[in-house]
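Only one structure is covered here, and it is reproduced in the block below.
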Amino acid sequence: MIITVASFKGGVGKTTTAIHLAEFLQTDAPTLLVDGDLNRSALQWSGTGGFDFQVCDEGQAVKFSRNAEHIVIDTPARPSVEELATLAGGCDLLIVPTSPDALAMGAMLQMVDYLDKQIFRVLLTIVPAKPSKRGAEARAALESADLPVFSTDIRQLDAFKKAAEQGVSVNKVTGDRMAGIAWNCYQKVGEEILKNG
Ligand SMILES: Nc1ncnc2c1ncn2[C@@H]1O[C@H](COP(=O)(O)OP(=O)(O)O)[C@@H](O)[C@H]1O
Ligand SMILES: [Mg+2]
Numbered sequence: 000m001i002i003t004v005a006s007f008k009g010g011v012g013k014t015t016t017a018i019h020l021a022e023f024l025q026t027d028a029p030t031l032l033v034d035g036d037l038n039r040s041a042l043q044w045s046g047t048g049g050f051d052f053q054v055c056d057e058g059q060a061v062k063f064s065r066n067a068e069h070i071v072i073d074t075p076a077r078p079s080v081e082e083l084a085t086l087a088g089g090c091d092l093l094i095v096p097t098s099p100d101a102l103a104m105g106a107m108l109q110m111v112d113y114l115d116k117q118i119f120r121v122l123l124t125i126v127p128a129k130p131s132k133r134g135a136e137a138r139a140a141l142e143s144a145d146l147p148v149f150s151t152d153i154r155q156l157d158a159f160k161k162a163a164e165q166g167v168s169v170n171k172v173t174g175d176r177m178a179g180i181a182w183n184c185y186q187k188v189g190e191e192i193l194k195n196g
């Protein structure tokens, strides 16, 4: 399966999502993460070799993909409409992460307007814990617009920042008692993906 992670807005958890889905999919079959971002954030994060899956940049992707059953592609923010069409045409599933705030939701709504509902699914990320209602309100907005959305929220947790600092995925973070819960968010999303094919 080829999964691309893309959004108009930066900072909504694209790289975090790409890394953790690759880590999850690796438990199913050999997985490759292609770092399509010029900032090379996924490659930087993996600098210390803290992942089970393979990581390469776009220029190396053809060779590396030989051995991969699943491929996850991380992309830079702000793709043009033309680039978006190319991205959508090059994958089986386009994941559009958005945090539940108005700015990110606005950018997400603009983006999915250009996309076929068959190809994308929205992922709510960096969702603050209750009593904040942001997550629930964002989900209600997505559902009333009849947009495909993962049923799991990715919670806003410090463990994700620690993961980046420690150069590992969140399932390998030490010294954060919420790390297991953080990992479980992406596990559930990964299970939704494998279940729906
Ligand atoms: N679920 C989360 N909870 C808390 N912080 C998060 C979460 N997801 C991402 N972050 C943090 O938000 C920032 C942006 O995330 P990143 O994955 O790099 O986004 P993007 O690739 O869309 O720019 C990073 O500092 C990252 O550690
Ligand atoms: Mg990124």
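In numbering that gives the first Met the number 0, the protein residues as written are 0 to 196.
We treat Cβ as the ideally placed atom computed from N, Cα and C, and that holds for glycine.
From a predicted model like this one, the values you see are computed outputs, not experimental measurements.
Heavy atom of ligand 2 within 6 Å of residue i beta-carbon
{"i": "SER40", "result": "yes"}
{"i": "LYS265", "result": "Because the chain spans 0 through 196 in this model, residue 265 falls outside it and cannot be assessed."}
{"i": "LYS13", "result": "yes"}
{"i": "ASP56", "result": "no"}
{"i": "ASP36", "result": "yes"}
Presumed contact (8 Å Cβ cut-off) between residue i and residue j, rounded CB distance
{"i": "GLU68", "j": "VAL33", "result": "Contact flag wrong, Cβ pair sits at about 14 Å."}
{"i": "PHE52", "j": "GLU22", "result": "6 Å"}
{"i": "SER40", "j": "THR14", "result": "5 Å"}
{"i": "PHE200", "j": "LEU193", "result": "Given that the chain is displayed from residue 0 to residue 196, the structure contains no residue 200 and the question cannot be resolved."}
{"i": "MET104", "j": "ALA139", "result": "Contact doesn't hold; Cβ gap of about 11 Å is too wide."}
{"i": "GLY9", "j": "ALA76", "result": "4 Å"}
{"i": "LEU20", "j": "GLY189", "result": "6 Å"}
{"i": "TRP44", "j": "ALA163", "result": "6 Å"}
{"i": "LEU42", "j": "VAL54", "result": "6 Å"}
{"i": "THR74", "j": "ASP36", "result": "6 Å"}
Proximity test, residue i beta-carbon vs ligand 1 heavy atom, cut-off 6 Å
{"i": "GLY105", "result": "no"}
{"i": "ILE153", "result": "yes"}
{"i": "ILE2", "result": "no"}
{"i": "LEU108", "result": "no"}
{"i": "GLY174", "result": "no"}
{"i": "ILE72", "result": "no"}
{"i": "ALA163", "result": "yes"}
{"i": "GLY189", "result": "no"}
{"i": "GLY49", "result": "no"}
{"i": "ILE118", "result": "no"}
{"i": "LEU123", "result": "no"}
{"i": "GLY10", "result": "yes"}
{"i": "LEU83", "result": "no"}
{"i": "LEU102", "result": "no"}
{"i": "LEU20", "result": "no"}
{"i": "LEU211", "result": "Because the chain in this structure spans residues 0 to 196, residue 211 falls outside the shown range and cannot be described."}
{"i": "LEU156", "result": "yes"}
C-beta neighbour in chain C for residue i, strict 7 Å
{"i": "GLY189", "result": "The chain inventory of the structure shown lacks chain C, comprising one protein chain alone."}
Legend entry - Every unbroken alpha helix (DSSP H) within the region 45 to 86, with a cutoff of 4 residues, ordered by chain: Listed in chain order, the alpha helix (DSSP H) elements of length 4 or more contained wholly in the region 45 to 86 are 60 to 63.
Inset, instruction - Only counting runs of 4 or more residues, tell me where the alpha helix (DSSP H) segments fall wholly within the region 87 to 173, in order along the chain. - result: Listed in chain order, they are 101 to 111, 133 to 143 and 157 to 165.
Legend entry - Given 8 Å, three or more beta-carbon pairs between the region 124 to 136 and the region 25 to 32: No: the two stretches stay apart, fewer than three of their Cβ pairs being nearer than 8 Å.
Legend entry - Three CB pairs or more closer than 8 Å across the region 87 to 99 and the region 1 to 17: Enough Cβ pairs lie closer than 8 Å, so yes.
Inset, instruction - Spell out a yes or no on whether the region 108 to 123 and the region 167 to 175 are touching, meaning 3 or more CB-CB pairs, one atom from each, closer than 8 Å. - result: With a cut-off of 8 Å, the region 167 to 175 and the region 108 to 123 do not count as touching, because too few Cβ pairs lie within range.
Inset, instruction - Could you say if the region 116 to 128 and the region 152 to 166 meet the contact criterion of at least three C-beta pairs nearer than 8 Å? - result: They touch, by the three-pair rule.
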